[in-house]
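Asker: Dropping a structure here in structure tokens format, bear with me for questions.
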Amino acid sequence: ISPSNGVKMSYWVNVPEGAHDNGRLVMFLHADGAANRPYTVKEYIPVNFPEKYQGDKYILIAPVANEDDWTRSATIRTLKAILDKVADEYKVNKDEIYITGFSRGAIGTWVLANAYPGYFKGALMVSCCGGFRASNFKDTKVLAISGTEGDERYYVNCMQENVDSVLAAGGVAKKITLDGYDHGEVQQKMNYQEALDWLFS
317 ISPSNGVKMS YWVNVPEGAH DNGRLVMFLH ADGAANRPYT VKEYIPVNFP
367 EKYQGDKYIL IAPVANEDDW TRSATIRTLK AILDKVADEY KVNKDEIYIT
417 GFSRGAIGTW VLANAYPGYF KGALMVSCCG GFRASNFKDT KVLAISGTEG
467 DERYYVNCMQ ENVDSVLAAG GVAKKITLDG YDHGEVQQKM NYQEALDWLF
517 S
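In terms of the numbering used here, the sequence shown is residues 317 to 517.
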């Protein structure tokens, strides 16, 4: 896709067996290292996400960044255009659109949800913070997950501050901390079933 005022970007769409019209749509933003490498993006999607999720099946979009940065204005516009295009093509419930990301992708998740207040019903950020206005998340449920070791020692604090800010602004937000895990382990050790159950509820 190459929208006006955006950038050309490729993306994967996963439509699992059991997905249906008027269902959920989830966008996953990858971490560093997969930019311009479409086949590598699959390696960044956890093995139990989404096919093994025990709940209503949902369509997954996994865009491929052109560089290790999801925050540029043109990139943000392109991601929104991808969401709108897939939502229309697959007739998803536009009140059930979610976004998630790991590491650099978590930064993009904060930024994209902030740019379009109320567009996402829920946002799941794993192991990173990002700039945002708490009031823009009053209608977007937030789940932030981090570890406690290595770089995660910083993320655990800034993500808690972000969650507290969303709560203070009247939104719904939750922080999960995985003690003993570093940045490279959190995505593999976290419980996606539990996280998505909470986010979708």
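All C-beta atoms, glycine included, are put in the ideal place defined by N, C-alpha and C.
Ordered along the chain, which non-local residues of its own chain (more than five positions away) have a Cβ less than 7 Å from that of ALA429?
Answerer: Here the question's residue 429 lines up with position 113 in the sequence shown. Cβ within range, chain order: ILE415, PHE436, ALA439, PHE453 and THR456.
Asker: Could you tell me whether the segment 372-388 touches the segment 468-483, using the rule of 3 or more Cβ pairs below 8 Å?
Answerer: Not touching, per the Cβ criterion.
Asker: Assign PRO354 to one of two classes, buried (16 or more other C-beta atoms within 10 Å of its C-beta) or exposed (fewer than that).
Answerer: By 1-based counting over the sequence shown, the position of residue 354 is 38. PRO354 should be labelled exposed.
Asker: Between the C-alpha atoms of VAL427 and ALA460, what's the straight-line distance to the nearest angstrom?
Answerer: Working through the sequence shown from its first residue, we reach residue 427 at position 111. Working through the sequence shown from its first residue, we reach residue 460 at position 144. Approximately 14 Å between the Cα atoms of the pair.
Asker: Under a Cβ-count criterion, where at least 16 other Cβ atoms within 10 Å of its own Cβ denotes burial, should ARG420 be classed as buried or exposed?
Answerer: Start at 1 with the first residue of the sequence shown, and residue 420 comes out as number 104. Per the 10 Å Cβ criterion, buried.
Asker: Taking PHE516 and GLY371 to be in contact with their CB atoms under 8 Å, please state how far apart those CB atoms are, rounded to whole angstroms.
Answerer: As a position in the sequence shown, residue 516 is number 200, starting the count at 1. As a position in the sequence shown, residue 371 is number 55, starting the count at 1. Going by Cβ atoms, the distance from PHE516 to GLY371 rounds to 7 Å, so yes, they are a contact pair.
Asker: Per DSSP, what are the beta-bridge partners of TRP328 in this structure?
Answerer: Residue 328 sits at position 12 when you count from the first residue of the sequence shown. In the DSSP output, where bridge partners are listed per residue, TRP328 has ALA378.
Asker: Which first and last residues belong to the alpha helix (DSSP H) in which SER462 is found?
Answerer: Here residue 462 refers to the residue found at position 146 when the sequence shown is read from its first residue. Where SER462 is concerned, there is no enclosing alpha helix (DSSP H), although the beta strand (DSSP E) it sits in stretches over 457-462.
Asker: Residue ranges of each beta strand (DSSP E) run of no fewer than 3 residues wholly in the segment 385-453, ordered along the chain?
Answerer: Those beta strand (DSSP E) runs which fall completely within the segment 385-453 and span 3+ residues are 413-418 and 438-442.
Asker: Compute the Euclidean distance between the alpha carbons of GLU465 and ILE392, then round it to the nearest angstrom.
Answerer: If you number the sequence shown from 1, residue 465 lands on position 149. If you number the sequence shown from 1, residue 392 lands on position 76. Their Cα atoms are separated by approximately 31 Å.
Asker: Who are the Cβ neighbours of ASP518 in its own chain at under 8 Å, not counting the five residues just before and after it?
Answerer: No answer is possible for residue 518: the residues shown for the chain start at 317 and end at 517.
Asker: Alpha carbon to alpha carbon, how far is SER443 from VAL479?
Answerer: Reading the sequence shown from its first residue, position 127 is the one you call residue 443. Reading the sequence shown from its first residue, position 163 is the one you call residue 479. Rounded to whole angstroms, SER443 to VAL479 spans 13 Å at the Cα level.
Asker: When you compare only the Cα positions, how much space is there between SER320 and GLY496?
Answerer: For the purposes of this step, residue 320 is identified with residue 4 of the sequence shown, where counting begins at 1. For the purposes of this step, residue 496 is identified with residue 180 of the sequence shown, where counting begins at 1. If I take the Cα positions, the gap works out to 45 Å.
Asker: Considering only their Cβ atoms, is the gap separating ARG340 from ILE375 smaller than 9 Å?
Answerer: Along the sequence shown, read from residue 1 onward, the residue named residue 375 stands at position 59. Along the sequence shown, read from residue 1 onward, the residue named residue 340 stands at position 24. Cβ distance < 9 Å, so ILE375 and ARG340 count as in contact.
Asker: Apart from the five residues just before and just after LYS324, which ones in its own chain have a Cβ nearer than 6 Å to its Cβ?
Answerer: Your numbering for residue 324 matches position 8 in the sequence shown. Closer than 6 Å at the Cβ level, and outside the excluded window around LYS324, lie SER318.
Asker: Use the C-beta contact count for ALA484: other C-beta atoms within 10 angstroms, 16 or more gives buried, fewer gives exposed.
Answerer: Here residue 484 refers to the residue found at position 168 when the sequence shown is read from its first residue. ALA484 is exposed by the Cβ-count criterion.
Asker: Which two residues bound the contiguous alpha helix (DSSP H) that contains MET526?
Answerer: Examination of residue 526 is not possible in this model, given that the chain is present from 317 through 517 alone.
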